[in-house]
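Working notes, beginning with the structure itself.
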Amino acid sequence: MIMKMLDTIGFVSEFDKEVGDAMGLELARQRRNLELIASENIVSPAVMAAMGSVLTNKYAEGYPGKRYYGGCEDVDIVEQIAIDRACKLFGAKFANVQAHSGAQANTAVYFALLQPGDTV
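Heads up: the sequence shown begins at 217 in our numbering, then just goes up one per residue.
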């Protein structure tokens, strides 16, 4: 996993050494620390690749099939996959995979998985 991140940093460094160096510092910090904040946890290489993919180039405000901008048909497919998987995982009829903020995302997970009195 680390090698894939280093390759990304190397690629950026080819175009902007200063930014690449800063990315290297952040990677070193992440390797030294254990983050207990969900929004700052280390993602898998697959998630890292998806986040740095062509999906990043598309602004897709709204929901699949009901976007405010055209040209969202392909990103709709990806979001619908996430919705379908969340519904299956949680046994739900509906799911919204668009968290407004990290705090709201954490709260959603807490309500879904914890019982009153559980320790986090």
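For every residue, glycine included, the Cβ atom is placed at its ideal position computed from N, Cα and C.
Opening and closing residue of the alpha helix (DSSP H) in which I258 lies: Against the sequence shown, residue 258 aligns to sequence position 42. Counting along the chain, I258 falls outside any alpha helix (DSSP H), and DSSP gives it neither H nor E.
Expected contact under 8 angstroms - CB spacing of G240 and I225 to nearest Å: Mapped onto the sequence shown, residue 240 falls at position 24. Mapped onto the sequence shown, residue 225 falls at position 9. 5 angstroms between Cβ atoms; contact.
Touching by the beta-carbon criterion (3+ pairs, under 8 angstroms), the segment 296–307 and the segment 318–327: no
So, with DSSP's three-state summary, where would you put S278? Position 62 of the sequence shown, counting from 1, holds the residue named residue 278. Reading off the sequence, residue 278 comes out as Gly, not Ser. Here G278 sits in strand by DSSP.
Got a sec, what are the start and stop residues for the alpha helix (DSSP H) N322 sits in? Residue numbering aside, residue 322 sits at position 106 when the sequence shown is read from its first letter. Its alpha helix (DSSP H) spans residues G318 to L329.
Neighbourhood of A321 by C-beta, 8 angstroms cutoff - its chain only, sequence neighbours within 5 removed: As a first step, residue 321 must be located in the sequence shown, where it is residue number 105. Closer than 8 angstroms at Cβ, skipping near neighbours: A254, S255 and A315.
Below 8 angstroms, can you find three or more Cβ-Cβ pairs linking the segment 226–234 to the segment 288–303? no
Once the 5 residues before and after P280 are set aside, which same chain residues still bring their CB inside 6 angstroms of it? One-based indexing of the sequence shown puts residue 280 at position 64. Within the same chain, P280 has close Cβ partners D292, E295 and Q296.
E295: first and last residue of the uninterrupted alpha helix (DSSP H) it sits in: Counted from its first residue, the sequence shown places residue 295 at position 79. From DSSP, the alpha helix (DSSP H) with E295 extends over E289 to F306.
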